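Take 3 as the starting number for the sequence shown in the numbering used here and just add one per residue.
A virtual CB, placed ideally from N, CA and C, is assigned to each residue, including glycine.
Quick caveat, the model's predicted, so the values are computed rather than measured.
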Amino acid sequence: MSSAPSTPRSSAPLQDLLLESAEVVRAVQAGRSMTDAIAQVPPEFRPGAQALSFHAMRHLGEARALRRLLVPRDPPEALVDALLQVSLALLLPGGAADAPSYTSHTVVDQAVRAAASMRRLLPFKGLVNGCLRGFLRDPAGLLAQAAKTVEGRWNHPQWWVDKLRAAYPDAWQELLAAANVPAPLTLRVNRRRASREQVLDAFAAAGIGAEPSGAAGLALAQPRPVAQLPGFDLGWWSVQDAGAQLAAPLLGVHDGERVLDACAAPGGKTAHLLELADVALTALDADGIRLQRVRENLERLDLRRPDTVLRRADAADLEDWWDGVPYDAVLADVPCTASGIVRRHPDIRWLRRADDVARTVKLQTRIVDALWRTVAPGGRLLYVTCSIFPEENERQAAAFAARHPDVRRLEAPGQLLPVAGDTTPAAQRDGFFYALFAKLS
Ligand SMILES: C[S@@+](CC[C@H](N)C(=O)[O-])C[C@H]1O[C@@H](n2cnc3c(N)ncnc32)[C@H](O)[C@@H]1O
3 MSSAPSTPRS SAPLQDLLLE SAEVVRAVQA GRSMTDAIAQ VPPEFRPGAQ ALSFHAMRHL
63 GEARALRRLL VPRDPPEALV DALLQVSLAL LLPGGAADAP SYTSHTVVDQ AVRAAASMRR
123 LLPFKGLVNG CLRGFLRDPA GLLAQAAKTV EGRWNHPQWW VDKLRAAYPD AWQELLAAAN
183 VPAPLTLRVN RRRASREQVL DAFAAAGIGA EPSGAAGLAL AQPRPVAQLP GFDLGWWSVQ
243 DAGAQLAAPL LGVHDGERVL DACAAPGGKT AHLLELADVA LTALDADGIR LQRVRENLER
303 LDLRRPDTVL RRADAADLED WWDGVPYDAV LADVPCTASG IVRRHPDIRW LRRADDVART
363 VKLQTRIVDA LWRTVAPGGR LLYVTCSIFP EENERQAAAF AARHPDVRRL EAPGQLLPVA
423 GDTTPAAQRD GFFYALFAKL S
């Protein structure tokens, strides 16, 4: 196992971190998002458990395949299975890219102690010991066997691999490999509060390595807790992937326009729109809790104007929220499978099911068709997803244009794939899709 110099070893005992992380992995396998599951971890264990959980999610295919080889029958207790998976992931050669490394002996010892520390896991202490020691007797042979399954080879579900292979016959392997590379921390400078040079100078003065990325962003050499970075409380910047930073400029908003951000939470693009022009903006989101984050973000960035409206609503239910006055510009950053952002959310691949894609496409169609009615003649709509599945993207955009005779498609990047290969932080980007439509007058 190699060490990860950027990640300090957590002071919490590994046995506790393994148990907490096993709870997170168990929760994800029961259908809960990793973000929600990590929020339930006691604060003293959270950073350490988060690092282990991210690593486990990226290697869950291998860990599951190994567990099946070593313990062919599913353990009757899901938490034991998750503990085995987290521990096996930690024992993989190459170590954890963004979690601390431990010796094999420590991992086995601490996993066994973790099992012994809970009454309901105690009966499985011997199983944990036997499984992990079994792996260490022949790691290369077992890994070669695990790699014979698609999930064990690619650390993604079979249906996901099949979909990418069909959509990108020349790039699917690179895309799957890139999905397991931890993403850099990328920021967008709030030009109403600071210049990029000012932020870079403040970071340099604090000894934080960063370089310009895209038109208004910067990428950090090493991820760090954001609230500790210079300028956070002053609203100088927001966390936003370089691919997402393209949205607001593409919509091309101008002072005085009436703008709708139809699926706004947590507000990354809402804030960017308000940074770019003095617009009368309405931000909708169906999720009231997430909408609260839009409010908090606009407050921190000091971007809220008297004519900024935040409203919880189903964007497709025009009767409920629309006053009938058309918009010059509409941002439709629709709900999607999020298949383009698995580097940042490695649980997504395990949470989604193959039939989610068709269900999501239907929802997107409903939303974008309704939103088109709110666009003024001569106005524009930007359709955005953070997906790399064609059904949600080019196929959706082409079908939309075919359904509406008053659509003219404008120049936009289309499918942006996550950057593989080049690992410099400033070159990184998640997967996004952009289609821009103008309404004929
Ligand atoms: C891709 S996220 C938006 C990200 C956001 N634009 C940003 O840049 O921070 C999609 C959002 O759509 C919201 N959503 C889902 N269904 C919706 C609907 N029918 N109407 C409005 N919002 C919806 C979700 O709650 C989620 O916050």
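Ignore the nearest five residues each way along the sequence and tell me which others in residue 497's own chain have a CB closer than 8 angstroms to its CB.
-> Given a span of 3 to 443 for the chain in the structure shown, any question on residue 497 remains unanswerable.
By how many angstroms is the C-alpha of residue 392 removed from the C-alpha of residue 167?
-> Residue mapping note: residue 167 aligns to position 165 of the sequence shown, counting from 1. Residue mapping note: residue 392 aligns to position 390 of the sequence shown, counting from 1. Going by the C-alpha atoms only, they are around 12 angstroms apart.
Ligand 1 heavy atom lying under 7 angstroms from the CB of residue 338 | Taking the first residue of the sequence shown as position 1, residue 338 is located at position 336. Residue 338 Cβ: within cutoff of ligand 1.
Does the separation of the CB atoms of residue 416 and residue 389 fall below 8 angstroms?
-> Within the sequence shown, the letter at position 414 stands for residue 416. Within the sequence shown, the letter at position 387 stands for residue 389. Against a cut-off of 8 angstroms, the Cβ pair of residue 389 and residue 416 comes out as no contact.
From residue 345 to residue 273, what does the alpha carbon distance come to, in whole angstroms?
-> In the sequence shown, residue 345 corresponds to position 343, counting from 1. In the sequence shown, residue 273 corresponds to position 271, counting from 1. Each residue's alpha carbon lies about 24 angstroms from the other.
What is the rounded straight-line gap between the Cα of residue 244 and the Cα of residue 430?
-> Locating residue 244 in the sequence shown gives position 242, counting from the first residue. Locating residue 430 in the sequence shown gives position 428, counting from the first residue. Straight-line Cα distance between these residues: approximately 7 angstroms.
How about residue 261 and residue 329: do their beta carbons lie closer than 8 angstroms?
-> Your numbering for residue 261 matches position 259 in the sequence shown. Your numbering for residue 329 matches position 327 in the sequence shown. Cβ atoms of residue 261 and residue 329: closer than 8 angstroms.
List the residues that DSSP assigns as beta-bridge partners of residue 284.
-> As a first step, residue 284 is located in the sequence shown; it is residue number 282 there, counting from the start. Paired residue(s): 262, 311.
How would you label residue 441, buried or exposed, when you count the other beta carbons within 10 angstroms and need 16 or more for buried?
-> Numbered from 1 along the sequence shown, position 439 holds the residue referred to as residue 441. By the C-beta density criterion, residue 441 is buried, having at least 16 other C-beta atoms within 10 angstroms.
Taking DSSP as the reference, what is the three-state secondary structure of residue 178?
-> Taking the first residue of the sequence shown as position 1, residue 178 is located at position 176. Residue state, collapsed to three classes: helix.
In the DSSP assignment, what residue or residues form a beta bridge with residue 213?
-> For the purposes of this step, residue 213 is identified with residue 211 of the sequence shown, where counting begins at 1. Its beta-bridge partners are 221.
Considering only C-alpha positions, which residue in the set 90, 298, 414 is nearest to residue 249?
-> Against the sequence shown, residue 249 aligns to sequence position 247. Among 90, 298, 414, the Cα nearest to that of residue 249 belongs to 414.
Report yes or no: do the segment 214-228 and the segment 304-313 share at least 3 C-beta pairs separated by less than 8 angstroms?
-> Touching, no, given that fewer than three Cβ pairs across the two stretches are closer than 8 angstroms.
Skipping 5 residues on each side, what residues in its chain have a beta carbon closer than 6 angstroms to that of residue 35?
-> Translated into positions along the sequence shown, residue 35 becomes position 33. So the list is empty, once near-sequence residues are dropped.
Would you call residue 327 buried or exposed, if buried means 16 or more other Cβ atoms sit within 10 Å of its Cβ?
-> Working through the sequence shown from its first residue, we reach residue 327 at position 325. It is exposed - the Cβ of residue 327 has fewer than 16 other Cβ atoms within 10 Å.
Which whole runs of the alpha helix (DSSP H) in the segment 37-100 are 4 residues long or more, in chain order?
-> Runs found: 48-60, 62-72, 80-93.
Determine the direct distance from the alpha carbon of residue 363 to that of residue 284, and round the result to whole angstroms.
-> Here residue 284 refers to the residue found at position 282 of the sequence shown. Here residue 363 refers to the residue found at position 361 of the sequence shown. Straight-line Cα distance between these residues: approximately 24 angstroms.
Determine the contact status of residue 379 and residue 443, defining contact as a CB-CB distance below 8 angstroms.
-> Counting from 1 along the sequence shown, the entry for residue 379 is found at position 377. Counting from 1 along the sequence shown, the entry for residue 443 is found at position 441. Against a cut-off of 8 angstroms, the Cβ pair of residue 443 and residue 379 comes out as a contact.
In three-state DSSP terms, what is residue 7?
-> The count along the sequence shown starts at 1 and reaches residue 7 at position 5. With a pLDDT of 30 at residue 7, under the threshold of 50, the modelled position of that residue is not reliable, and the figure given next carries that caveat. Three-state result, residue 7: coil.
If you check the beta carbons only, do residue 255 and residue 279 fall under 8 angstroms apart?
-> The residue given as residue 255 occupies position 253 in the sequence shown. The residue given as residue 279 occupies position 277 in the sequence shown. Result yes, Cβ atoms of residue 255 and residue 279 sit closer than 8 angstroms.
Residue range of the beta strand (DSSP E) that includes residue 394 | Looking up residue 394 in the sequence shown gives position 392. Note, residue 394: premise wrong, no beta strand (DSSP E); not H, not E.
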